[in-house]
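Peer 1: When you read off a place in the sequence shown, starting at 1, and then add 45, the result is the number in the working numbering. We put the CB at the ideal spot given by N, CA and C, even for glycine.
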Amino acid sequence: MHQQLVERTSAWSTPLLDHLCDRDRHLFQYYGQGPAAALPETHIHHAIERHAATRPDTVAAEHLGDTITYGELDRQANRLAAHLADLGVRPGDNVAVFVRRGIPMLVGILAALKAGAAYVPQDVGLA
């Protein structure tokens, strides 16, 4: 599949926007462009840390009736990130995340990012 995607996209001789219909191109140009906005953080885990520091008791996520606050999400992710580091995970490594969709998945993703690693979601049905 990857090879097909590479072959198809490398064969395009025109910009991607030229493949849109007139209406969609207009909408993209109207809403998709503008002045660059400075972001307070460049990494999502830094944004979550900032939110956890300023509003720790607000709900960060809800899944099937379970909730977790930003403060608790940050604490759990910090603990897991420290454990990953103890196991030898270093910045630039890949961390496989074998967990079903839910709050534990968020903790695992955030922990991998805090450890400086990339997270690689895995299908738990294959484990």
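Is D111 near A97, with beta carbons less than 8 Å apart?
Peer 2: Cβ distance not < 8 Å, so D111 and A97 don't count as in contact.
Peer 1: Return the first residue and the last residue of the beta strand (DSSP E) that T114 is part of.
Peer 2: Note, T114: beta strand (DSSP E), 111 to 114.
Peer 1: For V169, tell me which candidate among L72, A157, M150 has the shortest Cα-Cα distance.
Peer 2: Minimum Cα distance to V169 is reached at M150.
Peer 1: Going residue by residue through the segment 60 to 147, where are the continuous beta strand (DSSP E) segments of at least 3 residues, counting only ones entirely within it?
Peer 2: 104 to 108, 111 to 114, 139 to 143, all fully within the segment 60 to 147.
Peer 1: Got a sec? Which residues, its chain only, sit under 6 Å from P85 by beta carbon, not counting five neighbours each side?
Peer 2: Excluding sequence neighbours, P85 sits near nothing in its chain.
Peer 1: Would you please state the rounded distance, in angstroms, between the beta carbons of A126 and Q167? I believe it to be under 8 Å.
Peer 2: Wrong, their Cβ atoms sit about 19 Å apart, outside the cutoff.
Peer 1: Looking at V152 and Q121, is the spacing between their C-beta atoms short of 8 Å?
Peer 2: Yes. Within cutoff.
Peer 1: When you compare the CB positions of L155 and I93, do they come within less than 8 Å of one another, or not?
Peer 2: Going by C-beta atoms, L155 is nearer than 8 Å to I93.
Peer 1: Restricting to Cα atoms, I'd like to know which of L109, E117, H91, H108 is closest to D102.
Peer 2: Selected option, being the one with the closest Cα: E117.
Peer 1: Which same chain residues end up closer than 7 Å to V134 when comparing Cβ atoms and leaving out the 5 residues on each side of it in sequence?
Peer 2: Excluding sequence neighbours, V134 sits near V140, A160, A162.
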